[in-house]
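Visitor:
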Ligand SMILES: [Zn+2]
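Residue numbers (this note's numbering): 745 to 1073.
1. Taking 8 angstroms as the cut-off, decide whether the C-beta atoms of residue 951 and residue 899 are in contact.
2. Just to confirm, is the Cβ distance from residue 885 to residue 877 under 8 angstroms?
3. Less than 8 angstroms between C-beta atoms, sequence neighbours within five positions excluded: which residues of the same chain meet that for residue 933?
4. Going by C-alpha to C-alpha distance, which of 907, 903, 927 sits closest to residue 917?
5. I'd like the ranges of any alpha helix (DSSP H) spanning at least 4 consecutive residues and lying wholly in the stretch 928-985.
6. Is residue 1027 near ligand 1, going by C-beta to nearest heavy atom under 7 angstroms?
7. Can you check whether the CB of residue 997 is closer than 8 angstroms to the CB of residue 1028?
8. Go ahead and label residue 758 buried or exposed: buried means 16 or more other beta carbons lie within 10 angstroms of its beta carbon, across all protein chains shown.
9. Grab the span of the alpha helix (DSSP H) containing residue 901 for me, first residue to last.
10. Output the boundary residues of the beta strand (DSSP E) element that contains residue 802.
11. List the whole-angstrom C-beta distance separating residue 1060 from residue 1071, where the pair is believed to meet the contact cut-off of C-beta under 8 angstroms.
12. Have a look at residue 927 and residue 1035 and give me their C-alpha separation to the nearest angstrom.
13. In this structure, does DSSP put residue 1061 in helix, strand or coil?
14. Counting pairs of Cβ atoms below 8 angstroms between the stretch 878-897 and the stretch 841-861, do you hit three or more?
15. Below 7 angstroms CB to CB, which residues in the same chain sit around residue 985 once its five sequence neighbours on both sides are set aside?
16. Please report the straight-line C-alpha distance between residue 1026 and residue 871, rounded to a whole angstrom.
17. Compare the C-alpha of residue 1020 against each of 1046, 1001, 1005, 989 and name the closest.
18. Under DSSP, the alpha helix (DSSP H) around residue 818 begins and ends at which residues?
19. Going by alpha carbons, who is nearest to residue 864 out of 848, 901, 805, 833?
20. I'd like the list of long-range same chain contacts for residue 858, defined as Cβ closer than 6 angstroms, with 5 residues on each side in sequence excluded.
21. Would the C-beta of residue 1047 count as close to ligand 1, meaning under 7 angstroms from any of its heavy atoms?
22. Any heavy atom of ligand 1 closer than 7 angstroms to the Cβ of residue 998?
23. Which class does residue 1066 belong to by DSSP, given the choice of helix, strand or coil?
24. Could you give the distance in angstroms between the alpha-carbon of residue 848 and the alpha-carbon of residue 765?
25. Cβ atoms of residue 747 and residue 816: under 8 angstroms apart, would you say?
26. Around ligand 1, which residues pass a check of Cβ closer than 5 angstroms to any of its heavy atoms?
27. From this set, 1022, 1038, 1073, 1032, which residue's C-alpha is nearest residue 1063's C-alpha?
28. Taking the alpha-carbon positions, what's the residue 975 to residue 1024 distance?
29. Based on the DSSP output, what are the partners of residue 771 in its beta bridges?
30. Quick check: residue 810 and residue 763, are their CB atoms within less than 8 angstroms of each other?
31. Could you tell me which residues DSSP puts in a beta bridge with residue 1039?
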């Protein structure tokens, strides 16, 4: 049907589902929805259009916001937009795969000069690059290369090529944390810990987890920070993510985490999945058995391995040590 014909079907309902042919853009149905589309809408729609022939796509509109132009835009340009999106994803993955094989020096060049080729250059890509350098080129980051990272961290403004100030601060925060960790500088990490709170506007949950993790990697064992981590396990505001990360990092710290950490972990971490149970048990063992009985996991760096995801640049938790970074001798 034409867009005019589709419009003629719109009545009093507050929401309408519209379905169209993916290849030609022709609208095939306009259906009133009984209620506001909830969480299940997209999965049900995907399921109902799966294997359709010709291929169909669908969405919903709030009637008050439905215009002729909006319908035209979403139905007519679908195929072109989808092709563009696929091209962008494929190009991005090819570049990430290439980055995974480039030496640290060249990756640093990209960060320093901000010379990103299309479609790279978002803050995510910068974050990816820094993370990759830290986890998978840590042995190269010495001398002049490390000096270059320190210069990057000292730049003002921190990342001039990023428009959003919050993101620039966040990347700068990560870089400072990585550098202190490479230097095993637990004092600086302690200071960052004290001056940072989850309420700090540019700090995200992921940054907070990174700080916990880097403090543990660097060998930090300060009682006040361990108390904070135990507190996170016991009363985390952001329910599972923080609690889980704090537990994992107490395991990374090892025996210094102390018996109270084990008591709290056992009291509040339930058998919610086999993964959670396995990690809880491993963390409790790691804390209860003296550090001398453990050795760094030979399969990973600080609990992470490279490249089992969509592209070879991605980072995964090590299956052998469950992310703790140590295995029993
Ligand atoms: Zn491992």
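Where is the CB? At the ideal position from N, CA and C, for every residue including glycine.
Every value quoted in this text rests on a predicted model; they were computed, and no experiment measured them.
Guide: Taking the geometry as given:
1. With respect to the 8 angstroms criterion, residue 951 and residue 899 are not classified as neighbours on the basis of their beta carbons.
2. Closer than 8 angstroms, so yes.
3. 921, 924, 925, 955, 958, 959, 962, 964
4. Of the listed residues, the one whose Cα sits closest to residue 917 is 903.
5. Within the stretch 928-985, the complete alpha helix (DSSP H) runs of at least 4 residues are 930-939, 949-961, 967-979.
6. no
7. No; because the gap between Cβ atoms is not below 8 angstroms, this pair is not in contact.
8. exposed
9. Looking at the DSSP string, residue 901 is not in any alpha helix (DSSP H), and its letter there is neither H nor E.
10. 800-806
11. Not confirmed; about 17 angstroms, so no contact.
12. 21 angstroms
13. strand
14. yes
15. 949
16. The straight-line gap from Cα to Cα measures roughly 30 angstroms.
17. 989
18. 812-820
19. 833
20. 905
21. Checking the Cβ of residue 1047 against ligand 1 gives yes.
22. no
23. Residue state, collapsed to three classes: coil.
24. 47 angstroms
25. yes
26. 1041, 1043, 1044, 1062, 1064, 1065
27. 1022
28. For residue 975 and residue 1024, the distance between alpha carbons rounds to 16 angstroms.
29. 764
30. No. Outside cutoff.
31. 1071
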